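Going down the list, the protein sequences come from chains A and B.
Numbering of the first sequence is given in full-length UniProt numbering, commencing with residue 1 and proceeding in unit increments.
Numbering of the second sequence is given in full-length UniProt numbering, commencing with residue 1 and proceeding in unit increments.
Cβ atoms here follow ideal geometry from the backbone N, Cα and C, with glycine treated the same way.
Fair warning: this is a prediction, and the values are worked out from it, not measured in the lab.
Number of protein chains: 2
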Amino acid sequence: MLDLQGMLPALTDGDVPRFRQLYQAIRQRILDGQLPADSRLPSSRHLASQLQISRNTVMQAYEQLLAEGYIRGATGAGTFVNSLASDSLQQSSTVLDSKATLPGLSQRGQRLSQLGRGGGNSQLILAPGIPELDTFPWTEWRRLLNQDIRRAPRRLANYGQPQGYLSLRQALADYLRESRGVRCDAAQVVVTSGAQQGIELVARLCLEPGDRVWVEDPGYIGARGGFIAADVQLQPMAVDDEGLIPDAQAAAPRLIYLTPSHQYPTGGTLPLARRLALIDLARQWNCWILEDDYDSEYRYEGRPLAAMQGLDPSGRVLYIGTLAKVMFPSLRLGYLVLPEHLVDSFCRYRSLVDYHAPLHTQAAAARFIASGNLLGHIRKMRQLYAARRDYLWQRLLPLVGSEQRCRLPEAGMHLCQRLPEVDDSALSQYLMTQGVGCRALSAHCLQSPARGLVMGYAGYREDEIDRGVSIVQQALEQRPWQR
Amino acid sequence: MLDLQGMLPALTDGDVPRFRQLYQAIRQRILDGQLPADSRLPSSRHLASQLQISRNTVMQAYEQLLAEGYIRGATGAGTFVNSLASDSLQQSSTVLDSKATLPGLSQRGQRLSQLGRGGGNSQLILAPGIPELDTFPWTEWRRLLNQDIRRAPRRLANYGQPQGYLSLRQALADYLRESRGVRCDAAQVVVTSGAQQGIELVARLCLEPGDRVWVEDPGYIGARGGFIAADVQLQPMAVDDEGLIPDAQAAAPRLIYLTPSHQYPTGGTLPLARRLALIDLARQWNCWILEDDYDSEYRYEGRPLAAMQGLDPSGRVLYIGTLAKVMFPSLRLGYLVLPEHLVDSFCRYRSLVDYHAPLHTQAAAARFIASGNLLGHIRKMRQLYAARRDYLWQRLLPLVGSEQRCRLPEAGMHLCQRLPEVDDSALSQYLMTQGVGCRALSAHCLQSPARGLVMGYAGYREDEIDRGVSIVQQALEQRPWQR
Chain A
1 MLDLQGMLPA LTDGDVPRFR QLYQAIRQRI LDGQLPADSR LPSSRHLASQ LQISRNTVMQ
61 AYEQLLAEGY IRGATGAGTF VNSLASDSLQ QSSTVLDSKA TLPGLSQRGQ RLSQLGRGGG
121 NSQLILAPGI PELDTFPWTE WRRLLNQDIR RAPRRLANYG QPQGYLSLRQ ALADYLRESR
181 GVRCDAAQVV VTSGAQQGIE LVARLCLEPG DRVWVEDPGY IGARGGFIAA DVQLQPMAVD
241 DEGLIPDAQA AAPRLIYLTP SHQYPTGGTL PLARRLALID LARQWNCWIL EDDYDSEYRY
301 EGRPLAAMQG LDPSGRVLYI GTLAKVMFPS LRLGYLVLPE HLVDSFCRYR SLVDYHAPLH
361 TQAAAARFIA SGNLLGHIRK MRQLYAARRD YLWQRLLPLV GSEQRCRLPE AGMHLCQRLP
421 EVDDSALSQY LMTQGVGCRA LSAHCLQSPA RGLVMGYAGY REDEIDRGVS IVQQALEQRP
481 WQR
Chain B
1 MLDLQGMLPA LTDGDVPRFR QLYQAIRQRI LDGQLPADSR LPSSRHLASQ LQISRNTVMQ
61 AYEQLLAEGY IRGATGAGTF VNSLASDSLQ QSSTVLDSKA TLPGLSQRGQ RLSQLGRGGG
121 NSQLILAPGI PELDTFPWTE WRRLLNQDIR RAPRRLANYG QPQGYLSLRQ ALADYLRESR
181 GVRCDAAQVV VTSGAQQGIE LVARLCLEPG DRVWVEDPGY IGARGGFIAA DVQLQPMAVD
241 DEGLIPDAQA AAPRLIYLTP SHQYPTGGTL PLARRLALID LARQWNCWIL EDDYDSEYRY
301 EGRPLAAMQG LDPSGRVLYI GTLAKVMFPS LRLGYLVLPE HLVDSFCRYR SLVDYHAPLH
361 TQAAAARFIA SGNLLGHIRK MRQLYAARRD YLWQRLLPLV GSEQRCRLPE AGMHLCQRLP
421 EVDDSALSQY LMTQGVGCRA LSAHCLQSPA RGLVMGYAGY REDEIDRGVS IVQQALEQRP
481 WQR
């Protein structure tokens with residue numbers, strides 16, 4: 001008979017029940033070979049008295065070990081350790097703990113993970129793309145969320161449709177038709193888990209590996225990553241103060257990705273003539289246009305230009321938007337507007353990805369939009385953000401000396417401060433350590449030599465803007481950031 | 001001067017403001033060429049009087065057209081239609097509306113979308129994998145969801161971490177250690193938007209295109225789709241009443257995917273010896289094991305075997321689970337447990353996919369687990385599902401004549417009724433039209449000749465089970481389903 005008592009640690013009072021502690025301890029001894037095959041365990045009565053615990057505790061532990069196949073036993077005949085699969089068991093907890101022998105990521109996996117950025121720090125100030133979160137009508141939102149869960153929770157608890165909840169698709173279609181001039185109905189809308197997922201879906205489903213894609217340069221980093229992850233070839237296209245410059249002489253792409261309402265990050269609004277020229281090129285080349293309308297709702301000068309999607313009746317323009325900026329980012333809801341003949345295929349593939357976004361959230365968002373709450377919130381935020389834009393711009397002017405280097409943006413949630421002589425990458429890394437989340441303009445560039453800081457104002461109070469600008473100012477004065 | 005009045009439709013009272021109706025009508029005439037470049041528009045005063053609307057309405061419409069570049073005007077000099085990008089504009093709304101000339105999905109897109117299943121019908125009865133939704137503690141859930149939104153909504157409103165909300169990762173790690181024998185802490189847990197996303201992430205990041213993957217045959221359809229979408233090669237592995245049969249002679253795979261707690265869909269529980277043999281093979285071949293523990297919480301006979309992940313200290317076993325079955329499917333939350341050195345790469349790639357799951361939902365789920373609500377709910381559901389399992393099984397026995405063809409499942413939410421002589425695919429399609437959501441066993445097969453019905457019981461009352469079984473019985477009696 002084994003001296004099991006000598007091998008076992010003392011049992012403790014705590015969250016883990018005693019029988020489970022005992023089970024785990026014996027199991028470990030079996031797995032690491034201290035209790036070899038066919039050794040006989042003490043009777044439950046004997047072990048209980050040795051350990052001064054109740055016999056019931058021991059019996060529960062033995063039962064679990066029996067159920068899992070670690071031991072065998074028959075009434076009266078005693079309880080024995082089973083011989084397990086192979087003698088390599090002992091190795092398992094000893095020799096092979098080193099990571100060196102483990103498989104790692106695949107080469108594809110290494111490449112894919114290097115494209116991503118990981119998580120941001122939500123405490124940083126002047127980070128681009130962050131809306132004001134204190135002013136969101138939280139009480140109303142809570143009421144809308146509760147409505148379904150109170151009235152008929154089951155109705156929205158089961159699996160839903162990959163295309164998205166019908167009421168939300170209807171509310172989005174109405175909103176996009178009326179506010180953005182998008183030609184669509186609910187059947188063309190696919191609700192996504194954020195705009196990034198929309199880019200991913202389009203890249204995988206509309207493009208072949210190796211296809212050429214026009215991207216703005218400077219341009220949106222997330223889109224670039226999404227395209228490269230889908231193994232397509234990026235063709236950087238120059239951008240001026242009005243946005244992407246169409247080039248009829250360039251090699252024909254399979255897709256043109258752009259942010260026509262408010263070029264990210266440089267801020268231009270694509271004029272009608274360029275929009276039409278691009279639609280014309282897309283028709284000649286029989287290629288797609290992917291219109292990313294990420295923050296078009298916040299326009300301060302002039303009225304918004306209607307979406308390109310509405311200009312092209314042939315259905316070549318795919319349209320992407322998000323609720324992250326007009327509601328809040330952690331909601332994780334975006335949308336695609338597609339020609340109807342593509343919708344079913346997108347939904348089928350979506351069922352392999354994440355199926356659909358949470359339904360209670362979708363339903364609440366639908367009512368938030370349909371009830372007019374969204375438009376009311378946007379109207380208020382447009383005023384607030386315009387004032388913050390003016391404030392940041394005024395504070396920056398003395399700093400950089402010239403309006404040429406920082407146009408007052410007509411729209412959006414950030415401005416683009418040009419600093420052509422500065423190593424913006426080193427600067428932004430330093431600013432990050434000081435709690436300031438401006439992004440380096442160069443990080444958005446492929447071939448463009450543009451340098452500067454992309455500075456968000458929408459989500460920050462005047463005192464935060466003051467603090468952020470002071471830190472930027474000190475950084476520029478104290479350290480040599482020249483390239 | 002043009003007779004604009006004759007071209008325009010009557011303005012209506014409704015949701016769309018009159019100025020916008022007018023703007024849209026004129027814009028359309030410009031885009032389709034009825035109003036050619038350089039034609040002069042009537043003055044706002046003149047048009048207002050013609051249309052019998054206020055002059056202000058006309059001025060607003062003109063302003064919008066000016067802002068968007070459709071017309072030009074100078075005070076006193078009149079208002080003119082702009083020449084737009086090209087003469088192909090006229091074509092846009094006329095000739096090219098045909099879908100035939102549009103680009104379609106890429107070949108990759110066609111292939112990917114064919115792998116998916118699209119949406120299910122949540123009204124069907126006897127569908128596998130659907131939990132009971134009426135008994136979920138909705139009031140408590142609502143309270144937990146409201147807590148954060150009431151107290152500190154802003155805190156959870158911004159972008160979060162791709163790895164998932166820390167409290168949820170902690171709660172999951174505690175739960176998995178204690179209830180499932182998984183060796184992990186919060187740093188190893190990645191919160192996913194459902195288990196399917198976990199499979200997708202592992203397939204893309206741990207496997208190279210062309211790598212060989214063992215899948216159970218019959219096996220889970222979603223996993224198979226996720227792997228094929230990542231361009232890997234499936235090696236179907238036979239399954240018996242105890243689950244996957246390890247084959248040391250087979251060509252070495254790069255990953256072994258399996259459902260050891262409760263083989264999907266045939267129901268076996270993988271014995272300890274096979275678990276250890278597989279871990280041993282994985283060590284020899286230096287390959288991954290992906291353990292999908294989708295419904296292990298519902299075990300009715302014996303105690304649950306601890307997870308394979310906990311048997312392998314070397315970190316070769318990646319572990320996937322979901323909250324869809326123990327909470328509710330539309331929540332869209334699942335998790336991965338990874339060796340720590342992989343976590344950062346997974347999170348970086350995740351930022352290109354959907355960034356993270358909604359934060360308020362994650363926070364509420366964290367408290368639901370940590371407060372013990374989850375375990376309490378599971379305990380209740382285990383009793384309920386055991387009774388429903390017995391009920392369905394009793395009702396089926398007379399129907400199929402033999403216990404051989406339908407083992408009473410030890411665990412889970414469905415049973416697997418063998419019908420070797422039946423065209424189960426045609427049968428299940430017919431049943432679908434009758435409101436019964438059983439799945440054909442053959443749909444889960446690659447090389448296996450198994451035929452039958454996968455029938456869910458967890459989410460259905462006894463009267464629903466009665467109705468479902470009657471429909472199945474009638475179908476089997478009335479129609480020849482022989483292959």
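I'd like to check one pair, residue j with residue i: are the Cβ atoms closer than 9 angstroms?
i, j, result
"residue 190(B)", "residue 217(B)", "no"
"residue 161(A)", "residue 444(A)", "no"
"residue 4(A)", "residue 42(A)", "yes"
"residue 171(A)", "residue 369(A)", "yes"
"residue 343(B)", "residue 309(B)", "no"
"residue 200(A)", "residue 157(A)", "no"
By how many angstroms is the C-alpha of residue j removed from the C-alpha of residue i?
i, j, result
"residue 32(A)", "residue 130(A)", "52 angstroms"
"residue 253(B)", "residue 280(B)", "13 angstroms"
"residue 242(A)", "residue 384(A)", "25 angstroms"
"residue 87(A)", "residue 39(A)", "Here residue 87(A) scores only 43 on pLDDT, less than 50, and its place in the model is too uncertain to base an answer on."
"residue 8(B)", "residue 365(A)", "36 angstroms"
"residue 219(A)", "residue 192(A)", "22 angstroms"
"residue 19(A)", "residue 57(A)", "5 angstroms"
"residue 143(B)", "residue 373(B)", "12 angstroms"
"residue 474(B)", "residue 164(B)", "48 angstroms"
"residue 11(A)", "residue 312(B)", "24 angstroms"
"residue 424(B)", "residue 126(B)", "15 angstroms"
"residue 332(B)", "residue 307(A)", "32 angstroms"
"residue 334(A)", "residue 45(B)", "43 angstroms"
"residue 458(A)", "residue 386(A)", "8 angstroms"
Between which two residues does the alpha helix (DSSP H) containing residue i stretch?
i, result
"residue 433(B)", "424-433"
"residue 57(B)", "55-67"
"residue 346(B)", "340-353"
"residue 391(A)", "373-400"
"residue 114(A)", "107-115"
Report buried or exposed for residue i, applying the criterion of at least 16 other Cβ atoms within 10 angstroms of its Cβ.
i, result
"residue 325(B)", "buried"
"residue 61(A)", "buried"
"residue 282(B)", "buried"
"residue 29(B)", "buried"
"residue 110(A)", "exposed"
"residue 76(B)", "exposed"
"residue 37(A)", "exposed"
"residue 286(B)", "exposed"
"residue 362(B)", "buried"
In the DSSP assignment, find the unbroken beta strand (DSSP E) run with residue i in it and report its ends.
i, result
"residue 233(B)", "233-240"
"residue 318(B)", "317-322"
"residue 455(A)", "452-456"
Give the residues of chain D in contact with residue i, contact being defined as C-beta atoms less than 9 angstroms apart.
i, result
"residue 136(A)", "Protein chains in the displayed structure are A and B, and chain D is not among them."
Could you list which residues in chain A have their beta carbon closer than 9 angstroms to that of residue i, in chain order?
i, result
"residue 142(B)", "145, 146, 149, 150, 153"
"residue 409(B)", "Within 9 angstroms Cβ-Cβ: nothing; residue 409(B) doesn't reach chain A, min ~16 angstroms."
"residue 53(B)", "Correct list: empty, because the minimum Cβ distance to chain A is about 19 angstroms."
How would you list, in chain order, the residues of chain A whose beta-carbon sits under 7 angstroms from the beta-carbon of residue i?
i, result
"residue 441(B)", "Chain A residues near residue 441(B): none, gap ~20 angstroms exceeds 7 angstroms."
Can you list the residues of chain B that residue i reaches, using a CB-CB cut of under 7 angstroms?
i, result
"residue 10(A)", "Within 7 angstroms Cβ-Cβ: nothing; residue 10(A) doesn't reach chain B, min ~19 angstroms."
"residue 208(A)", "106, 107, 108"
"residue 260(A)", "Near residue 260(A) there are no residues of chain B at all, since even the closest Cβ is about 12 angstroms away, more than 7 angstroms."
So which residues on chain B does residue i lean against when the C-beta distance must stay under 8 angstroms?
i, result
"residue 286(A)", "101, 102, 103"
"residue 41(A)", "Near residue 41(A) there are no residues of chain B at all, since even the closest Cβ is about 16 angstroms away, more than 8 angstroms."
For residue i, return the contacting residues in chain B, with the cut-off set at a CB-CB distance below 9 angstroms.
i, result
"residue 347(A)", "113, 116, 118, 119"
"residue 197(A)", "353, 354, 355"
Give the residues of chain A in contact with residue i, contact being defined as C-beta atoms less than 8 angstroms apart.
i, result
"residue 328(B)", "157, 158"
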